[in-house]
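Residue numbers (the numbering used here): 5 to 421.
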Amino acid sequence: MDICFITPEAFPFAKTGGLADVAGALPKALAEIGQKCTIFLPLYQGIKARSINLSFDLELGAYRETAQVYQVQNLINTYFIRNDSLFNRKGLYGTERGDYPDNLERFTFFTKATLEVMKRLALKFDIIHLHDWQAALVAAYLRAHPNNFYNKTVFTIHNLGYQGIFPKEKFRLLNLPQEYYSINGIEYYDKINLLKGGLIYSDFLTTVSPTYAQEIQTSEFGFGLDGILKERCNNLKGILNGIDTGIWNPKNDKLIYYNYLQPRDKKINKIQLKTELKLDESNKPLIGLVSRLADQKGIDLFCDAFKTIIAQGFQIAILGIGEEKYHKLLQAMAKHYPADVSLNLRFDEQLAHRIYSGADFFLMPSRYEPCGLGQMIALTYATVPVVRKTGGLADSVFEFNPNTNEGNGFIFEEYKA
Ligand code: ADP
5 MDICFITPEA FPFAKTGGLA DVAGALPKAL AEIGQKCTIF LPLYQGIKAR
55 SINLSFDLEL GAYRETAQVY QVQNLINTYF IRNDSLFNRK GLYGTERGDY
105 PDNLERFTFF TKATLEVMKR LALKFDIIHL HDWQAALVAA YLRAHPNNFY
155 NKTVFTIHNL GYQGIFPKEK FRLLNLPQEY YSINGIEYYD KINLLKGGLI
205 YSDFLTTVSP TYAQEIQTSE FGFGLDGILK ERCNNLKGIL NGIDTGIWNP
255 KNDKLIYYNY LQPRDKKINK IQLKTELKLD ESNKPLIGLV SRLADQKGID
305 LFCDAFKTII AQGFQIAILG IGEEKYHKLL QAMAKHYPAD VSLNLRFDEQ
355 LAHRIYSGAD FFLMPSRYEP CGLGQMIALT YATVPVVRKT GGLADSVFEF
405 NPNTNEGNGF IFEEYKA
């Protein structure tokens with residue numbers, strides 16, 4: 005099949021979280037079994053691609069913006085949509101202070117541009133695979149203007165907590181027929197909800213684990229869209245994410261200190277990591293936490309348990325970036341334990357690899373977790389995951405049973421420190 009991925013992030017070009025890992029890894033895995041994949045991404049700051057001399061103007065409400073098209077062609081063909089005023093910025097969606105106020109303009113422009121490229125280059129796909137709210141409008145445009153360059157659309161929910169909600173006054177920016185702003189369309193409590201459009205106008209829906217596919221049909225995890233998901237349950241499937249073991253692999257990972265085949269040989273990575281992070285040279289067990297610092301990730305729970313964890317004789321290596329309140333809270337706590345806690349408030353691919361390989365345990369106390377890749381990466385590096393039983397964590401981590409030696413980690417269920 006010819007499969008087109010429309011996504012706001014994909015490794016190695018742009019990454020804030022697991023979506024990038026999957027949008028990088030899945031096309032590669034599909035290509036390896038003989039499918040043909042094409043990816044569309046915005047040309048964010050720092051991405052190096054070559055111009056293909058294709059540019060055009062697009063309507064954004066009453067305005068016009070120019071798109072230029074760039075390309076990287078290796079195993080996967082990737083097209084990039086360039087518009088520097090919209091995408092040449094420090095963050096993908098915003099800064100620590102919050103989201104960019106023009107995200108609707110940015111991703112309306114991106115989705116329109118992808119369709120225009122397909123038209124101008126006469127591309128044809130069996131599947132157009134849309135990822136998260138940033139790509140959702142493609143499904144609405146294809147419904148509003150049917151054409152023959154694709155067969156089916158698939159929309160994947162990577163995280164229902166992010167829906168792309170915007171004031172209704174901006175609806176005219178989308179250039180969609182007025183009836184699309186309705187209860188059966190992208191209107192949601194008097195606002196625009198792009199993710200809802202993706203759920204309604206796509207032919208098929210998937211999400212990133214079987215448990216999450218069930219959870220999102222309940223009011224507890226449905227973020228207000230559980231009704232629609234229940235209605236579409238015959239066209240909704242949970243498929244567990246995987247990781248690219250070409251990138252995450254202790255045998256040949258160039259970002260870690262020492263490659264290893266056996267769990268017992270990972271110790272040198274722990275020693276080196278502790279030296280790099282200036283942690284005490286003791287033989288204490290080391291817990292790693294690599295995470296976006298958001299409510300979803302159970303950082304509040306972690307903060308509640310913090311003192312007890314240290315008192316019980318653990319050391320902790322934290323790598324994360326996200327909400328300012330957690331930056332402050334973690335800073336305030338970590339400063340009391342310089343010998344046992346290393347706090348790194350930034351995005352750092354290399355340090356992430358070093359923590360996955362050097363830690364003894366990997367902590368994911370998530371409030372909810374669509375799939376979670378951290379626990380899968382940790383397992384690959386023989387680092388024991390300690391997770392809350394929710395979403396994809398429940399589908400990939402199984403409680404260790406010392407009597408039978410079965411299981412691969414430690415699980416808790418109640419959301420309690
Ligand atoms: P989510 O997509 O919700 O953020 P996942 O567990 O699915 O969570 O994926 C997180 C991915 O992002 C992993 O590859 C993880 O290593 C990476 N990651 C998260 N925070 C950081 C950070 N501060 N620096 C480097 N990598 C990070």
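Glycine residues also receive a C-beta, built at the ideal position from the N, C-alpha and C atoms. Small disclaimer: the values here were computed from a predicted structure and weren't measured.
Asked: Would you kindly check if the distance between the Cβ of Lys172 and the Cβ of Lys200 is under 8 Å?; Found: no
Asked: Of the residues Thr408, Pro406, Thr384, Asn409, which one's Cα is nearest the Cα of Ser400?; Found: Thr384
Asked: Checking 8 Å against the spacing of the C-beta atoms, do Gly46 and Ile85 come in under that value?; Found: Note that residue 46 is Pro in the sequence shown here, rather than Gly. Cβ atoms of Pro46 and Ile85: closer than 8 Å.
Asked: Quick check: what's the CA-CA separation for Gly189 versus Ala139?; Found: 16 Å
Asked: Among Gly231, Lys52, Lys116, Leu305, which residue has its Cα nearest to the Cα of Gln75?; Found: Lys52
Asked: Do Gly21 and the ligand ADP come close, with the Cβ less than 7 Å from some heavy atom?; Found: yes
Asked: State the Cα-Cα distance for the pair Leu233 and Lys123, rounded to the nearest angstrom.; Found: 31 Å
Asked: Can you tell me where the beta strand (DSSP E) holding His135 begins and where it ends?; Found: 129 to 135
Asked: When the distance is taken between beta carbons, is Gly28 closer than 8 Å to Phe44?; Found: no
Asked: Contact defined as beta carbons within less than 8 Å: I believe Glu410 pairs with Thr394. What is the distance between those atoms, to the nearest angstrom?; Found: The pair is not a contact, with the Cβ atoms about 21 Å apart (cut-off 8 Å).
Asked: Sorted by chain position, which residues of the same chain lie with C-beta nearer than 6 Å to Gly292's C-beta, five sequence neighbours on each side aside?; Found: Ala321, Ile359, Ala363, Phe366
Asked: Evaluate Tyr193 with the Cβ neighbour count: other Cβ atoms within 10 Å of its Cβ, from every protein chain shown; 16 or more gives buried, anything less gives exposed.; Found: exposed
Asked: Would DSSP call Thr118 helix, strand or coil?; Found: helix
Asked: Buried or exposed: where does Ser89 fall if 16 or more other Cβ atoms within 10 Å of its Cβ makes it buried?; Found: exposed
Asked: Where do the N-terminal and C-terminal ends of the alpha helix (DSSP H) with Arg236 fall, by residue?; Found: Per DSSP, Arg236 belongs to no alpha helix (DSSP H) and is neither H nor E.
Asked: Would you call the CB atoms of Asn91 and Tyr48 closer than 8 Å?; Found: Before going further, note that residue 91 is Phe rather than Asn in the sequence given. Yes.
Asked: Tell me the rounded alpha-carbon separation between Leu333 and Gly324.; Found: 13 Å
Asked: Do Gln319 and Asp344 come within 8 Å of each other at the CB atom, strictly closer than that value?; Found: yes
Asked: Give the C-beta separation of Ser59 and Gln77 to the nearest angstrom, bearing in mind that I take them to be a contact with Cβ-Cβ under 8 Å.; Found: The pair is not a contact, with the Cβ atoms about 19 Å apart (cut-off 8 Å).
Asked: Can you pull the DSSP bridge partners for Thr211?; Found: Ile161, Gly242
Asked: Is the stretch 206 to 225 close to the stretch 240 to 258, with three or more CB pairs under 8 Å?; Found: yes
Asked: Looking only at its chain, what residues have a beta carbon closer than 8 Å to the beta carbon of Thr82, apart from the 5 residues adjacent to it on each side?; Found: Ala14, Phe17, Thr42, Ile43, Phe44, Leu45, Ala53, Gln75, Val76
Asked: Just the Cα atoms here: how many angstroms apart are Pro254 and Asn263?; Found: 5 Å
Asked: Output needed for Gln174: all residues of its chain with C-beta closer than 7 Å, excluding positions within five of it in sequence on either side, in chain order.; Found: Before going on, a small fix: residue 174 reads as Lys here, not Gln. The residues are Leu108, Ile196.
Asked: Measuring CA to CA, which of Arg147, His357, Val142 is closest to Val294?; Found: His357
Asked: Would you list the residues sitting across from Pro389 in a DSSP beta bridge?; Found: Phe366
Asked: Report the residue from Gly95, Thr387, Gly413, Ile10 whose alpha carbon sits nearest the alpha carbon of Lys270.; Found: Thr387
Asked: What I want to know is whether the C-beta of Leu293 ends up closer than 7 Å to one or more non-hydrogen atoms of the ligand ADP.; Found: no
Asked: I need the DSSP call for Glu36, collapsed to helix, strand or coil.; Found: helix
Asked: Could you give the residue range of the alpha helix (DSSP H) that holds Gln379?; Found: 378 to 384
Asked: Grab the span of the beta strand (DSSP E) containing Phe84 for me, first residue to last.; Found: 81 to 86
Asked: If distances are taken between C-alpha atoms only, which option among Tyr261, Leu34, Asp299, Lys274 comes closest to Leu460?; Found: With the chain running from 5 to 421 in the structure shown, residue 460 is simply not present.
Asked: Report yes if the CB atom of Ala298 is closer than 8 Å to the CB atom of Glu328, and no otherwise.; Found: no
Asked: Cβ of Leu198 within 8 Å of Cβ of Trp252?; Found: no
Asked: Which residue or residues does DSSP assign as beta-bridge partners of Arg54?; Found: Gln75
Asked: So what does DSSP say about Tyr67, is it helix, strand or coil?; Found: strand
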